[in-house]
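Trainee: One structure coming up, written as structure tokens, with questions to follow.
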Amino acid sequence: MSGSTSSRAGTPRVGRRAPGGTADRILDTALSSFGSRGYEVTSLDALAEGLGLRKQSILYWFPSKEALLEALIDRSAAELAEALEDSLARAGSGWARVEAVVRSVFRVAARRPELLGLVREAGRLGPPAATRLTQALEPLVARASAFLESEMDSGNVRRHEPRLLLLAIYSTVVGMVTEVEVLRALGEEPTARSLVRRRQEILRLLRSALLVDGAPGETPAA
């Protein structure tokens, strides 16, 4: 009894879990539900039923629904950052780095749509969920801002406020891969072929909006 009370009063037992264990199963199921159905309409009882567990088993690992969301945001942000860092490590310079990030996000959308669904949901929920996600991704955002500033100083990218530019790029890219109902309303079914076409259009749009005429990566006029 005392151990259970301590769990509820404390933080998630994330440091004690083994990969592929109960806590990861809970996080995987929560990711799928929060990222597709939404956080507010998903109950711990429904998650427990889907997992074949008792609700108390979830509360052993995550003392509340809010704590489960926090742990899920932390894990998802780390996974997304790792995917972006991996793409950047293999990218060249200049426009190639922007293209690498966009392609990486679209790969995540194809392989792990629930991950970007959670990113969208965290933003929709606002603080404290959105704040936690922002803080988790801040090191990556700082690097991206510095890169854009450098490209602007070099005359390759049109002058904008770097963080506002990043926000615009983020909103455009994530919206193009997660807003399924909006896409359908516009006659765009969320198929694999459609995803590739949307990625190509986003890259053309960003290249046209960002690159100064004659900059490396700029497409010459026909």
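Quick note on numbering: our numbering labels position 47 of the sequence shown as 820, and the sequence is numbered without any gaps.
Positions of the beta carbon are idealized from the N, C-alpha and C atoms, including for glycine.
Go ahead and pull the three-state DSSP assignment for residue 979.
Mentor: If DSSP states are grouped into helix, strand and coil, residue 979 belongs with the helices.
Trainee: What did DSSP end up calling residue 878 once you bin it into helix, strand or coil?
Mentor: helix
Trainee: Look at the alpha carbon of residue 811 and the alpha carbon of residue 894, and state the distance between them as a whole number of angstroms.
Mentor: 7 angstroms
Trainee: With a threshold of 8 angstroms on Cβ separation, who are the neighbours of residue 870 within its own chain once the five nearest residues in sequence on each side are excluded?
Mentor: Cβ neighbours of residue 870 beyond the five flanking positions: 861, 864, 920.
Trainee: Is it true that the segment 831-841 meets the segment 876-891, where meeting means three or more beta-carbon pairs spaced less than 8 angstroms apart?
Mentor: no
Trainee: According to DSSP, is residue 984 part of a helix, a strand, or is it coil?
Mentor: strand
Trainee: Is it right to say residue 815 is buried, meaning 16 or more other beta carbons lie within 10 angstroms of its own, or is it exposed?
Mentor: buried
Trainee: Taking DSSP as the reference, what is the three-state secondary structure of residue 814?
Mentor: coil
Trainee: Tell me, please, which residues DSSP counts as bridged to residue 930.
Mentor: 984
Trainee: Whole angstroms is fine: what's the gap from residue 897's alpha carbon to residue 906's?
Mentor: 12 angstroms
Trainee: By alpha-carbon positions, which one of 886, 929, 939 ends up nearest to residue 910?
Mentor: 939
Trainee: Tell me, to the nearest whole angstrom, how far the beta carbon of residue 892 is from that of residue 947; I am working on the premise that it is less than 8 angstroms.
Mentor: 6 angstroms
Trainee: Would you call residue 969 buried or exposed, if buried means 16 or more other Cβ atoms sit within 10 Å of its Cβ?
Mentor: So residue 969 ends up on the exposed side.
Trainee: Does the separation of the CB atoms of residue 798 and residue 820 fall below 8 angstroms?
Mentor: no
Trainee: Using only CA atoms, which one of 976, 942, 826 lies nearest to residue 917?
Mentor: 942
Trainee: If the criterion is Cβ atoms closer than 8 angstroms, does the pair residue 804 and residue 849 meet it?
Mentor: yes
Trainee: Could you check if residue 972 is buried or exposed, using at least 16 other CB atoms within 10 Å of its CB as the buried criterion?
Mentor: buried
Trainee: What residues in its chain sit with their C-beta under 8 angstroms from that of residue 795, if we drop five residues either side in the sequence?
Mentor: 826, 830, 834.
Trainee: On the criterion of 16 or more Cβ atoms from any shown chain inside 10 Å, does residue 951 qualify as buried, or is it exposed?
Mentor: Residue 951 is classed as buried because its beta carbon has at least 16 other beta carbons within 10 Å across all chains shown.
Trainee: Taking all protein chains shown into account, decide if residue 935 is buried (16 or more other Cβ within 10 angstroms of its Cβ) or exposed.
Mentor: buried
Trainee: Throw me the rounded Cβ distance for the residue 800 and residue 845 pair, which I believe falls under 8 angstroms.
Mentor: 6 angstroms
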